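Chains as they are written, first to last, in the numbering used here: chain A, 193 to 309; chain B, 5 to 484; chain C, 3 to 106.
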């Protein structure tokens, strides 16, 4: 048997079960909607705004800076693996790379990009 | 693990990148000065540093003229073509710096100028790029910096324009990149030249790859089915950025397109592969000029004009002959100066609060500032392709290239497009020279020396270029 | 259970599906953040092709290219977020869905 066979069977069963439980209530139940039932909550205060919360903008700022410096770190790995083979040339390249990133980092710092406000 | 990977590049490879390196270092220097100054770097110092690095790069680049060298294993082809294209990008950067000297605000000058210089680097890299990696790197360096530059104005329209530009242009990059991936898959090499050697028959991946690659490029050039972004983005972006964008992105993308056409032409299916490109160039000439008729904003008008002008230049490449390429390059040089000149005039009549891009601002300009009105008239005539200008010479050259290569229908569309465009350009000229009854109510704009100077220089260069056909025809030896 | 060799065609199939999901996301959705994520999908679809063919052709230009694309995509995401934040601030509107993205 193909080694992925069980996975395929599992996926099929999971899909069938999900579809079954999604549509079964609609087939079996008797729908008698009325305004009270249609509300999002059947008790308590009526919802007035969107349920999903809003993220303050500063989260986006942090995310933005994180992405850049995260990938910078990722770029160091291939060099680290081949560091001995690349010799001085590789080292110089990386020093230049890190200096460029460092100027950017200092610039972000000075302009207040790292402050939690 | 003691095997040593030797550095495969010699100093000859690095020499090729000197102009690029000077501009990139200039950008870093600008940021560094801003970093060490107390609050922010003075405007004049930022602009002086940037101007020096651009001029320095231009001088170094000019010294490379006449050398031919395949740097980095064919990643960057140094030659007459690359040098001329790089110089055009540098001219655009210098012109934009002059506009920033007039319009920019001091507080965020350093960041803005650094982005502008990096964008310049991207376009310069594209000018010589001959493999998929350098093309992609140059394109993204150019575009990413431009997205930021577009949004650098405290105004909702500018930011929405930046968002729109970011999303649409990145999508186009996605198409281009997927096309590159398929090209790499079907040829087994990242060199553009490998396209010509790949078997064409029964190789759908090559076809799809080329098609996606061309769609991405057509978007960056804003050729007609993919042009919808450019008027909105041009209108929203700050005036100097629009000026830079209208020249540098087009120079960069055209350099890549020319190399692609050059690489694809020897292949067996080139006729079929490139025909859609000539067709959209033809449509762009007519549709771009038609779009100009309804505009009331100089930036939008020049966006549509740019669509048509790029149509002319791409059409000149039809047939893939060396002559067509040379004429395309000539027209591109002329286009650079016409556009920069027009934007310099628009800057000269701008104030800090309001950019002088509404056409209403040009009413009666001839009474208030006769020099600016005359210069603008000259640039409009050049864009329209009327006789005493380089635009006219360029169009005649393109017509002859088209007819010579057997694409007479493209020549016909060019004439049709030109006829349509005359009305739109004439509208501006008429507005400037009409007697303005509210003249006393309007103040003459203060003289802004750098904007005036760049308008004058652009006009002078266009006049000189007009006599190009009289000069020895090997002025631009396009070996590659 | 030995490692199952995955054919080149399946890699291309996967990447084509990813690419079209990305294109559909950009065309159909109106939320700038979702659109940015869709663009990342398009980039990564290209990455799969690069890496698959790098192995098929025994040519590591594909690997290097994929690395380049990852870096560019990160820069793109950072700039995208910056511009989205700028749009929020000038529109005084924190809800992403209500930014009136023009015709698309």
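Where a beta carbon is used, it is the ideal one built from N, C-alpha and C, also for glycine.
Here the structure is a predicted model, which means the values were calculated and not measured.
Here the alpha carbons of residue 262/A and residue 203/A stand approximately 35 Å from one another.
Distance from the CA atom of residue 136/B to the CA atom of residue 256/B, rounded to whole angstroms, is 14 Å. A Cβ-Cβ contact shorter than 8 Å links residue 89/B with residue 131/B.
Proximity of chain B to residue 294/A at the Cβ level (cut-off 7 Å) is not reached, the minimal Cβ distance being about 11 Å. Among the residues of the region 273-284 of chain A, those with a Cβ less than 7 Å away from any Cβ of chain B are 274, 276, 277, 278, 279 and 281, in the order of the chain. Residue 13/B sits in coil when the DSSP states are folded into three classes, being neither helix nor strand.
Here residue 399/B is buried. Its C-beta has 16 or more other C-beta atoms within 10 Å. Nearest CB-CB separation between residue 48/C and chain A: not below the 8 Å threshold.
Take residue 339/B, set aside five residues on each side of it, and the residues of its chain with a beta-carbon closer than 6 Å to its own are 313, in chain order. For residue 16/C, there are no C-beta contacts with chain B under 7 Å, since the nearest C-beta of that chain is about 13 Å from it. Here DSSP, grouped into helix, strand and coil, assigns residue 133/B to strand.
Burial check for residue 297/B: the Cβ neighbour count within 10 Å stays below 16, so the residue is exposed.
With respect to residue 379/B, residue 437/B sits apart: the two C-beta atoms are not nearer than 8 Å.
Judged by DSSP secondary structure, residue 73/B falls within the beta strand (DSSP E) whose first and last residues are 73-75. With respect to residue 134/B, residue 78/B sits close: the two C-beta atoms are nearer than 8 Å.
Where residue 81/B is concerned, the enclosing beta strand (DSSP E) starts and stops at 80-82. With respect to the 8 Å criterion, residue 93/B and residue 252/B are classified as neighbours on the basis of their beta carbons. For the pair residue 455/B and residue 352/B, the CB atoms are nearer than the 8 Å cut-off. Counting along the chain, no alpha helix (DSSP H) covers residue 308/A, and no H or E run does either. In the displayed model, residue 32/C falls within coil according to three-state DSSP, outside both helix and strand. Under the DSSP assignment, residue 289/B falls in the alpha helix (DSSP H) whose first and last residues are 274-296. In the three-state reduction of the DSSP assignment, residue 362/B falls in the strand class. Nearest to residue 74/C by alpha-carbon distance, out of 329/B, 420/B, 144/B and 470/B, is 144/B. When the five nearest sequence neighbours on each side are left out, the beta carbons in the same chain lying within less than 6 Å of the beta carbon of residue 462/B are those of 341, 344 and 345, in order along the chain. Using a Cβ distance threshold of 8 Å, residue 25/C and residue 44/C count as a contacting pair. For residue 45/C, not one C-beta of chain A is nearer than 8 Å to its own C-beta. When rounded, the separation of the alpha-carbon atoms in residue 187/B and residue 195/B is 10 Å. The beta carbons of residue 323/B and residue 409/B sit about 3 Å from each other, so the pair counts as a contact at 8 Å. Closest option to residue 362/B, judged by alpha-carbon separation, among 321/B, 300/B and 415/B: 300/B.
The beta carbons of residue 53/B and residue 33/B sit closer together than 8 Å.
Exclusion of the five residues before and after residue 17/C leaves 47, 50 and 51 as the residues of its chain whose Cβ lies within less than 6 Å of its Cβ. With respect to the 8 Å criterion, residue 348/B and residue 99/B are classified as neighbours on the basis of their beta carbons. One thing to note: residue 286/B has its Cβ no nearer than 8 Å to the Cβ of residue 309/B. Residue 69/B places its beta carbon less than 8 Å from that of residue 84/B. For residue 369/B, the uninterrupted alpha helix (DSSP H) run begins and ends at 369-372, by DSSP.
The residues 64, in chain order, have a CB closer than 7 Å to that of residue 22/B in the same chain once the five nearest residues on each side in sequence are set aside.
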